[in-house]
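Accompanying notes for the structure given below.
Chains as they are written, first to last, in full-length UniProt numbering: chain U, 1 to 387; chain E, 1 to 387.
Shown next as C-alpha cells:
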C-alpha cells in the first residue's frame, strides 16, 4: 500500500427534504450565489423553484445560468465566470448531474484566474483560490458531487479534457434520491455503467497490498449489479435510487484509489476522444469500450485481477486465471447488455473515420493507462475492436 | 435507507515518514501544543523524539502529559485540561491508540467548559468550542482517529461511559503502519476483534435498504479475517498492518452506519461494564461477549442478518436462515479463538459476583441495543452465558 493523504471533506446531505439544509449550508459561505443548471428537468421537478424561493425568503442575491449541456462546454464555463465577476458572486450552486457540477467547478476555478479557464484543462494553470461550490445532485453517475475533478469539452478544438484540484471539492452536496426518479432508462443504465467504470479504473491496477480498497471496490460493484436493473425496471424505487446515488459518490471520492500509485483511466481517456467528436452518452461509450480494453490488455500478468473481480462479484468458479479473466469480461459485457447498453460503436452510429485521430489525441500528453501502458496505436486498435 | 449527514473531514496522512507533514498540519492550528501519550512505547519507537525535535526546530511551545492508561481515566483528562489552561495551549496532539486519543478528546472538550469534564459522559453538558486535536496512531483498533467519540472511565464511581461530538473529530490523523509493528500478539488480536465488533454493531440492525453500507461492512470484515492472523504471525508485515490500520478508521467513521437509524452497541455497553470493574482489554472482552450476545438475540426475525454475514464472509452455504445464523456464530467464535482470544469470562478470571450490578449499570439510561432491546436482566443473563 502506497502512502496517501485522504480527506473527503464534502458535507453530504442525503435523503428526502434536504433543500432547507442545503440552503443553510450555502449561506455559511456567501449570500450572493450563481445557480447553474442544464435543461428543464430541474424546473419540472420543482427543485429550482424550491431553491430560489428559499433564496428569496432569505434575501439571497442570485443569478441563474442555464443551458449547460451534457459534455459541458468551455463556452458555458466562460459565461458563468463572467456572471460571477459582473455580480460579485461568492458561491456556485449546481443543480443537476455531473456535467452541471463539472462546469461549475471550472467556473469556480476561473473566477479568480486572470487567463482563460481552458488553461486548467491544458495544464497551463493550477487552481488557486476558487469560489466555493455546492450541488443538488439529480443523476447517480459521475461522482463529481464528492471530488475535485471536472471534464470539460471544447467545441472549437473538439477536445474533451479533465482538470482537477482538491480545492474544487464541493463544500456541500445534497443527494436526494427522489430527484433521480425521473431519470430515464437509458440514462439510468449509463449512470450505472459510469459508476462501475470508475471502480474498474481504480481496481484494475498493478498495485499490491491494497486489499481493503479492492474489497470496498467489489462491494460497490455488487451494489450496482443489484440495484441498476431494479432502478431501470422501477424508476421510483427509493432504495434502488438511494443505493445507486451513494454508490456514485463513494466510487470516486478517493476511497478505492487511496494507497495505489494511480488509477488506470485509459478507458475514460479513449471514451473522451469518442464523445469529444460524437457527443455520445459517456456511460454508453464506456459500456462499449471497457470490455474491449479488458480484452486488449489481458495477459498472463493482468489476468489475476480480472479473475479476482469475477470470482468475488460475478460468482465465477473457474480456477485457471486466464480462463476466469475471460469469463469476467463476458460477464461484464453481458451485464451491460442486460441494461440495454450498446456493445459496438457502430450501434450508436460511430464510424471508424476518426479512430486514428482519436488515438493520437488520447495520447497527446504521452501514453495512457497504468495497468498496461497504451500508445496511440494501441488506442486505435481498441477502437477498431469496438467498431 | 434513512436520511443522513456525512462529513468525515479528518485529514488522513497514511504511510511511512509522515511526521513532518503531521507537524505542518498541527502548525496550521496552533503553535502551543499539548502532547499526550501513554507509557514508554512512543519513547521506544522514537515517535515522541521525532515530534518534539521538530517542534523545537520550529519554535513550537509544547507540554507533555504522559501516563494515560488503557481505559483512560477522567483524572488524566482533568490533568490535561489543567495543563492546557495554565499554558494557554491551542492544540492537543495524541500519540498512541484509542485510549490516548479518547482522553485527548475529553480534554479538548473540557478546556473551554466551566464545569467538570465528567459532565459530558453523564450527558449533563454538550461539547462546544473544543480545542482542535490530532493524533499519530500506534494501534489499529478503536477508530477514534477518524470520529468524534470517546470512552472514559471513572475510578471513583467504577463507571465507563461514552461521550461524543462531531466537533471532536481529529483535524488530522497520521496513520503510519510501521508504528504498529511492535504491538504484541494479544493486542493485535484484540484490535482486530475491536474493528470487527465495530462493524458488527453497525451491521446487525433491523434497517432495510442499506445494501451499500452492508456490502462495505462485509468488505472490512473480510479484510480483518485475512490480515489479523498475518499481523499476529508476522508483526512486521507492512501490508497486513496497513490494511488493518485503514480498516480500523473506516470501520467507525460513519461509512457503514450512514442511512441506518442507529447502531446496536449493546455488546459494547455490556463490555464497558465488565472492563469498568476489571480493566479487561476491550477487544478481549468483546471477543467473549459478542458470540453470546448473538446467541441471546437470535430469533427467526434476526437470523437473516447473521445468515447474510455468514454467507457473504464466512462462506456458509446453508440455506435455512436459522441454521446459517447458528453457523455464523460458530464461525465468529472460532475465528476469535484462532486469534487466541478468550471465549469465557472465567478464562480471564472474571467471576459472576457483579453480573447483576453490571446489568443494572449497563441499563442506567434505559434498555440498550437496537437489533433487540435488552433490559438489565437480559444483560445479566448474557453475562451468565459468558461466565
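Note that CB positions come from ideal geometry on N, CA and C, so glycine has one too. This structure is a prediction, so every number in the text was calculated from the model and none was measured.
Closer than 8 angstroms at the beta carbon, the chain E residues around residue i
{"i": "residue 212 of chain U", "result": "219, 220, 223, 243, 246, 247, 250"}
{"i": "residue 226 of chain U", "result": "211"}
{"i": "residue 314 of chain U", "result": "By Cβ distance, chain E contributes nothing, its closest Cβ being about 15 angstroms from residue 314 of chain U, past 8 angstroms."}
Within-9 angstroms CB hit, residue i to chain E
{"i": "residue 288 of chain U", "result": "no"}
{"i": "residue 7 of chain U", "result": "yes"}
{"i": "residue 261 of chain U", "result": "no"}
{"i": "residue 168 of chain U", "result": "no"}
{"i": "residue 202 of chain U", "result": "no"}
{"i": "residue 196 of chain U", "result": "no"}
{"i": "residue 305 of chain U", "result": "no"}
{"i": "residue 384 of chain U", "result": "no"}
{"i": "residue 294 of chain U", "result": "no"}
{"i": "residue 58 of chain U", "result": "no"}
Whole-angstrom distance between residue j and residue i, CA atom to CA atom
{"i": "residue 385 of chain E", "j": "residue 273 of chain E", "result": "16 angstroms"}
{"i": "residue 112 of chain E", "j": "residue 128 of chain E", "result": "8 angstroms"}
{"i": "residue 180 of chain E", "j": "residue 158 of chain U", "result": "52 angstroms"}
{"i": "residue 244 of chain U", "j": "residue 229 of chain U", "result": "11 angstroms"}
{"i": "residue 262 of chain U", "j": "residue 370 of chain U", "result": "7 angstroms"}
{"i": "residue 258 of chain U", "j": "residue 288 of chain U", "result": "27 angstroms"}
{"i": "residue 306 of chain U", "j": "residue 325 of chain E", "result": "32 angstroms"}
{"i": "residue 293 of chain E", "j": "residue 382 of chain E", "result": "6 angstroms"}
{"i": "residue 89 of chain U", "j": "residue 55 of chain U", "result": "14 angstroms"}
{"i": "residue 367 of chain U", "j": "residue 208 of chain E", "result": "46 angstroms"}
{"i": "residue 161 of chain E", "j": "residue 189 of chain U", "result": "48 angstroms"}
{"i": "residue 213 of chain E", "j": "residue 136 of chain E", "result": "28 angstroms"}
{"i": "residue 63 of chain U", "j": "residue 22 of chain U", "result": "17 angstroms"}
{"i": "residue 121 of chain U", "j": "residue 141 of chain U", "result": "21 angstroms"}
{"i": "residue 138 of chain E", "j": "residue 255 of chain U", "result": "22 angstroms"}
{"i": "residue 84 of chain U", "j": "residue 222 of chain U", "result": "42 angstroms"}
CB contact check: residue i to chain U, cutoff 9 angstroms
{"i": "residue 318 of chain E", "result": "no"}
{"i": "residue 381 of chain E", "result": "no"}
{"i": "residue 18 of chain E", "result": "yes"}
{"i": "residue 14 of chain E", "result": "yes"}
{"i": "residue 215 of chain E", "result": "yes"}
{"i": "residue 177 of chain E", "result": "yes"}
{"i": "residue 258 of chain E", "result": "yes"}
{"i": "residue 147 of chain E", "result": "no"}
{"i": "residue 21 of chain E", "result": "yes"}
{"i": "residue 1 of chain E", "result": "yes"}
Residue i: contacting residues in chain U (beta-carbon distance under 7 angstroms)
{"i": "residue 328 of chain E", "result": "Neighbours of residue 328 of chain E on chain U: none; closest Cβ ~18 angstroms, over 7 angstroms."}
{"i": "residue 4 of chain E", "result": "14, 15"}
Amino acids of chain U, ordered along the chain, whose beta-carbon sits closer than 8 angstroms to that of residue i
{"i": "residue 209 of chain E", "result": "238, 239, 242, 243"}
Contact set between residue i and chain E, taken where Cβ atoms lie within less than 9 angstroms
{"i": "residue 11 of chain U", "result": "5, 6, 7, 9"}
Cutoff 9 angstroms: residue i Cβ touching any chain B Cβ
{"i": "residue 16 of chain E", "result": "The chain labelled as chain B is not found among the protein chains of the depicted structure, namely U and E."}
In chain order, which beta strand (DSSP E) runs of at least 3 residues are fully inside the stretch 133-216 of chain E? Counting whole runs of 3 or more residues, the stretch 133-216 of chain E contains the beta strand (DSSP E) stretches 133-137, 149-154, 159-164, 172-175.
Fully enclosed by the stretch 239-304 of chain E, which alpha helix (DSSP H) runs are 4 residues long or longer? Qualifying alpha helix (DSSP H) stretches, in chain order: 266-278, 282-297.
Validate contact between the stretch 130-149 of chain E and the stretch 242-255 of chain E using beta carbons, cut 8 angstroms, 3 pairs: With the cut-off at 8 angstroms, the stretch 130-149 of chain E and the stretch 242-255 of chain E touch.
Segment contact, 8 angstroms Cβ cut-off, at least three pairs: the stretch 273-287 of chain U with the stretch 277-284 of chain E: Too few Cβ pairs lie closer than 8 angstroms, so no.
At least 3 beta-carbon pairs within less than 8 angstroms: the stretch 216-226 of chain U vs the stretch 187-206 of chain U: They touch, by the three-pair rule.
Given 8 angstroms as the limit, is there contact between the stretch 116-136 of chain U and the stretch 90-108 of chain U, that is, 3 or more CB pairs closer than that? Because the criterion of three Cβ pairs below 8 angstroms is met, the stretch 116-136 of chain U and the stretch 90-108 of chain U touch.
Contained alpha helix (DSSP H) runs [length at least 4] in the stretch 42-73 of chain U, N- to C-terminal order: Restricting attention to alpha helix (DSSP H) runs no shorter than 4 residues, the stretch 42-73 of chain U encloses them at 47-57, ordered along the chain.
Are there three or more Cβ pairs, one per stretch, closer than 8 angstroms when the stretch 2-14 of chain E is compared with the stretch 5-13 of chain U? Yes: the two stretches touch, three or more of their Cβ pairs being nearer than 8 angstroms.
Would you say the stretch 181-198 of chain E touches the stretch 335-352 of chain E, given that touching needs at least three Cβ pairs under 8 angstroms? Output reads yes: the stretch 335-352 of chain E touches the stretch 181-198 of chain E.
Of all the beta strand (DSSP E) runs that stay within the bounds of the stretch 291-366 of chain U, which reach a length of 3 or more residues? For the stretch 291-366 of chain U, not one full-length beta strand (DSSP E) segment reaches 3 residues or more.
Within 8 angstroms, do at least three Cβ pairs link the stretch 29-43 of chain U to the stretch 65-74 of chain U? A contact exists between the stretch 65-74 of chain U and the stretch 29-43 of chain U.
Touch test, the stretch 44-57 of chain U against the stretch 91-103 of chain U, Cβ-Cβ under 8 angstroms, three pairs minimum: The stretch 44-57 of chain U vs the stretch 91-103 of chain U: in contact.
Between the stretch 160-179 of chain E and the stretch 300-319 of chain E, do three or more beta carbon pairs fall short of 8 angstroms? With the cut-off at 8 angstroms, the stretch 160-179 of chain E and the stretch 300-319 of chain E do not touch.
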